């Protein structure tokens, strides 16, 4: 079971985002072209309401920078070397585009929160986190309790652990306006025995007296339907970031879900925007690579999504270029 768990984790990739002013080059996306800008619907009656812009920048593999309510949130960063789980002979993945992007460059633009979904190296990348902790030990960290053994060994001073169902709030000071950010941990995959605590997904909700927008992120498209069914009146997400192409081991064993599962996720959360992740778009080598196959395409997912949720927009990210989403305040 442990071997299978490591294999699964090694094949689940995600993507990050960068600030507009960051000096990283504009690079092509992993297959289809990125949508540049999408906006929320204007308010009725001809009244123009102020907008809040959310920026989502993909940094390849499982990494993002999100700009929400004036905060920059660094998600599952891999910024120091390749992803190899300590066994490069078994699996060794390198970024295709943002090859030289490192910790120092990302921290130059300031980061306000480090968000980690899972405890294995493709999310909780030890080499990257060691560099971040050395450079910014006061950076707030929010993560799963499963990552405690890794983070406890680093000099981070402000670490919050959430298990599925837990919520944490942050106040976000702004220029003449203040926001709050609510983060709910949701169940992700179980990487081990079935009785083990699940890893995390998250729903981030930006509030200013009332809800402005919400974003759901889980980098394997693995979720507990009962968690959403039992709380469906409370849960939803304007933006869903998820893999859409399946990654499989022999016997059709899913490492990363997608396709119909991603459509059902978007439907349950009543998503307005779906941001697909190019999980397997890396330069990979090692023994495991010959056992990995994919199922489905972005185009096939787009057709499934159009049938199930015709009003939802599909926004394909390009590494290093922010997606801009505008929401009425």
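In my numbering, the protein residues as written are -11 to 317. Glycine included, each C-beta is placed from N, C-alpha and C at the ideal position. Computed from a prediction, not measured in an experiment: that's the story for all the values here.
Distances from the alpha-carbon of residue 211 to those of 119, 292, 176, 245 put 176 closest. Note on the segment 132 to 218: whole beta strand (DSSP E) runs with a minimum of 3 residues are 147 to 149, 155 to 161, 166 to 175, 188 to 196, 198 to 205, in chain order.
It is roughly 8 Å from the alpha-carbon of residue 80 to the alpha-carbon of residue 73. Contact between the segment 109 to 119 and the segment 133 to 150 is established, with three or more Cβ pairs separated by less than 8 Å.
Take residue 98, set aside five residues on each side of it, and the residues of its chain with a beta-carbon closer than 8 Å to its own are 60, in chain order. Contact check for residue 133 against residue 151 passes: the beta carbons are separated by less than 8 Å. Contact between the segment 255 to 265 and the segment 290 to 307 is established, with three or more Cβ pairs separated by less than 8 Å. Excluding the 5 residues flanking it on each side, residue 255 has same chain C-beta neighbours closer than 8 Å at 296, 297, in chain order. Of 242, 126, 154, 107, the smallest CA-CA separation from residue 50 is found for 107. Counted as a single uninterrupted DSSP element, the stretch harbouring residue 64 is not any alpha helix (DSSP H), since DSSP gives it neither H nor E. The alpha carbon of residue 54 has as its nearest neighbour, out of 78, 87, 88, 103, the alpha carbon of 103.
Beta-bridge analysis with DSSP links residue 241 to 237. When the beta-carbon positions are compared, residue 62 and residue 94 come within less than 8 Å of each other.
Assignment of residue 60 by DSSP, reduced to helix, strand and coil, places it in the strand class. Closest in C-alpha terms to residue 214, from the list 124, 223, 88, comes 223. In the structure shown, residue 314 adopts extended strand secondary structure according to DSSP, grouped into three states. Per DSSP, residue 107 lies in no beta strand (DSSP E) and is assigned neither H nor E.
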